[in-house]
Amino acid sequence: MACVLEAPLRMSVLSEVTASSRHYVDRLFDLDPQKVLQGVIDMKNAVIGNNKQKANLIVLGAVPRLLYLLQQETSSTELRTECAVVLGSLAMGTENNVKSLLDCHIIPALLQGLLSPDLKFIEACLRCLRTIFISPVTPEDLLYTDATVISHLMALLSRSRYTQEYICQIFSHCCKGPDHQTILFNHGAVQNIAHLLVSTSYKVRMQALKCFSVLAFENPQVSMTLVNVSVDGELLPQIFVKMLQRDKPIEMQLTSAKCLTSMCRAGAIRTDDPCIVLKTLPCLVRMCSKDRLLEERVEGAETLAYLIETDVELQRMASITDHLIVMLADYFKYPSSVSAITDIKRLDHDLKHAHELRQAAFKLYASLGANDEDIRKKIIETENMMDRIVNGLSESSIKVRLAAVRCLHSLSRSVQQLRTSFQDHAVWKPLMKVLQNAPNEILVVASSTLCNLLLEFSPSKEPILESGAIELLCSLTQSENLALRVNGIWALMNMAFQAEQKIKSDILRGLSTEQLFQLLSDSDVNVLMKTLGLLRNLLSTRPHIDHIMSTHGKQIMQAVTLILEGEHNIEVKEQTLCILANIADGTTAKELIMTNDDILQKIKYYMSHSNAKLQLAAMFCISNLIWNEEEGSQERQDKLRDMGIVDILHKLSQSSDPNLCDK
């Protein structure tokens, strides 16, 4: 059995440390069952609150023996119960203790114990299982390896208030992600746990509530079910609303607000429902206030950020509730040197976790500023806000960096701010640094932000270009990650808009023809559309069109043919015809169309297409080819006339579509 301490101890020290504990273990092997029972009881009293003693007993091999006694049919129920209690106490020590217990296969032994008819023994096993499962070192999947375990736990819920409390706690800790939610839901978790919300025991009510908060999170199926469940004639949303009233414990208010938030985000409750607007949102704003504990402020802000993330009305409402925008600024000043915290332990804890507050504030600012220009302005005008974001981009905590980038991305949607605050604080510098070496999660948001900073009216565009952005963005277009490919090509598209010829040439050189073809044959329509958008921006203004077509004409015409022949939607084909229209606007470039009969036939085909957008785009090509003032226009007109283009134009002039008719 791999039940050993982490660090090897010298033998002399070991014997000294463990000599006093050895007699506890020796008594477990006594032949007299009564003495064994007394030995386990004495061990229980010795380990309570004594981590050193717990570690000693584990090193001396107490765990395998306790598990053996627990599983022996010949052991008395009292002995088996006391063994479960001691094992639970050992599990309450350090994470290493829990690892040692797991190595000795404690979970299957305890789950087996749940089949006993004795309630006290079942409760002791459940209490120990609860302690093990809430430890971060225990894999949640251990609960789901045997399909019968969940059914049996559901059946045990009715046995006592302790089985209810421990089982709900096990479920809420082991429910991580949609697979676990589905298993619990399919085993009747909603029906079996709902009535516990009105239990006389606060602990049971609280654990049941936590269960629902994890079951409903990002889960429409569970959320839609919860809305229609009633307990004692009252619907669950009404019960949740009662639980978030001010006179209830904070933990209860917060958890019920999380349940209602999940149900709202899943579409089970409308965003304008009074239980959201008048109850849930104000409750979460209250949690952000200075007089709440650090973890309450973190959870309150993160839940509120999630609630309002996609709804502009909720964003507006939150922004004017209790001066929230100013209140969040305090998240960056905590704990201060003049902090009112007199409890040293608490202060030490909060100093270690202060970064969580900054992360939560950035997240909530990002949600608040997602849509409304006035809110963004208020956020940016909050004291030192831009400096805080810039600092956040280089924090050691990856979660804070991600939240800071999200906040920056949200604010970068503002034309006004791009021109002012973003420029004043040279935000592009730390952003480029973040892009050099970051995990994909951060890269996706950072590259999205860069797309906004590269819009033509953004003063940051020039310095970003000078700092080697083209190379960076071209490398993103080769990423396995779809979002990064889209953002890389999108940023290049923005960069190429009304850019000078050198920049356009640099982009084409950086991308390479091979990569361009790769992007044009990407299975994702977003990548394809952005690549076509890039080509369209590259092929604008005559000298640029002629220059690019003189160096890359053959490949570009090949790509255009490929797309017009492929199975693509209307938008893709329209964008491709617009690229042809731009080429037709070149002085020398238009010859690449005129000498390519295949392309001319395709333009003719799209002029007679059933879709008016494609007909219009094809006519733009013709109109640019036959422009009278340009050299060679007569020959081009003659060739197109011979192809029957004039007949099609006559037909289109009778069209019911006024745009087509005019063109």
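Everything in the sequence shown is counted per full-length UniProt numbering, starting at 1 for the first residue and increasing by one.
No residue lacks a Cβ here, since even glycine has one placed at the ideal position from N, Cα and C.
Note that this is a predicted model, so its numbers are computed, not measured.
Checking 8 Å against the spacing of the C-beta atoms, do residue i and residue j come in under that value?
i    : j    : result
A360 : V298 : yes
A491 : L473 : yes
Q315 : S367 : yes
A257 : S223 : no
I382 : I325 : Just to set this straight, residue 382 is Thr in the shown sequence, not Ile. For T382 and I325, yes; Cβs fall inside 8 Å.
S475 : W428 : no
N624 : A559 : no
Y166 : R205 : no
M495 : I503 : yes
L347 : E296 : no
N97  : L90  : yes
L31  : V40  : no
L539 : I583 : yes
L519 : V525 : no
F332 : R358 : yes
C621 : I645 : no
S633 : T588 : no
D585 : R636 : no
L614 : L577 : yes
L294 : D350 : yes
L453 : L418 : yes
Measure the C-alpha to C-alpha separation of residue i and residue j and round it to an integer number of angstroms.
i    : j    : result
E356 : S521 : 43 Å
D657 : L616 : 10 Å
Q38  : V47  : 14 Å
S76  : G113 : 13 Å
M1   : R65  : Note on M1: pLDDT 43, under 50, position unreliable in the model; the coordinate value appears next. Approximately 11 Å between the Cα atoms of the pair.
N537 : S396 : 39 Å
C264 : I150 : 28 Å
A618 : I548 : 22 Å
V394 : V25  : Checking the displayed sequence, the identity of residue 394 turns out to be Ser instead of Val. Those two C-alpha atoms are separated by around 52 Å.
Q601 : R641 : 13 Å
K248 : D273 : 22 Å
G553 : I464 : 29 Å
S135 : F497 : 54 Å
D118 : T148 : 19 Å
R130 : I170 : 5 Å
K203 : L143 : 22 Å
Go through its chain and collect everything with a Cβ distance to residue i's Cβ below 6 Å, but skip five positions before and after it.
i    : result
A124 : T81, A84 and V85
V214 : S172 and C175
A194 : V229 and V231
L284 : A257, G300, T303 and L304
L57  : S21
I250 : E296
Hey, quick one: how far does the alpha helix (DSSP H) through residue i stretch, first residue to last?
i    : result
P117 : Taken as a continuous stretch (DSSP letters only), P117 belongs to no alpha helix (DSSP H), as it is neither H nor E.
A446 : N440 to L453
F517 : Q501 to L520
W428 : W428 to Q436
V527 : V525 to L538
Y162 : R161 to C174
L69  : A62 to Q71
N487 : L482 to A496
K99  : E95 to D103
I375 : E373 to E381
I645 : I645 to S653
A404 : I398 to L411
K248 : Per DSSP, K248 belongs to no alpha helix (DSSP H) and is neither H nor E.
Q637 : S633 to D642
R346 : I344 to L368
Going along the chain, which residues of its own chain have a beta-carbon closer than 8 Å to the beta-carbon of residue i, five neighbours each way excluded?
i    : result
T449 : V405, L408, H409, S412 and L431
L67  : C83, L87, C104, H105, I106 and A109
E373 : S414 and Q416
S201 : R161, Q164 and E165
L79  : P33, V36, L37, V40 and L69
D387 : H425
Could you name the residues of the same chain whose beta carbon sits closer than 7 Å to that of residue i, not counting the 5 residues immediately before and after it, in chain order?
i    : result
I276 : L260, C264 and I269
D311 : T271
L443 : L435 and L484
L482 : D524
### Query
Any contact of the stretch 226-237 with the stretch 174-189, i.e. 3+ C-beta pairs under 8 Å?
no
### Query
Okay, do the stretch 434-452 and the stretch 385-402 touch, 3+ Cβ pairs below 8 Å being the bar?
yes
### Task
Decide yes or no for the touch test of the stretch 625-643 against the stretch 606-614: beta carbon pairs closer than 8 Å, at least 3 of them.
no
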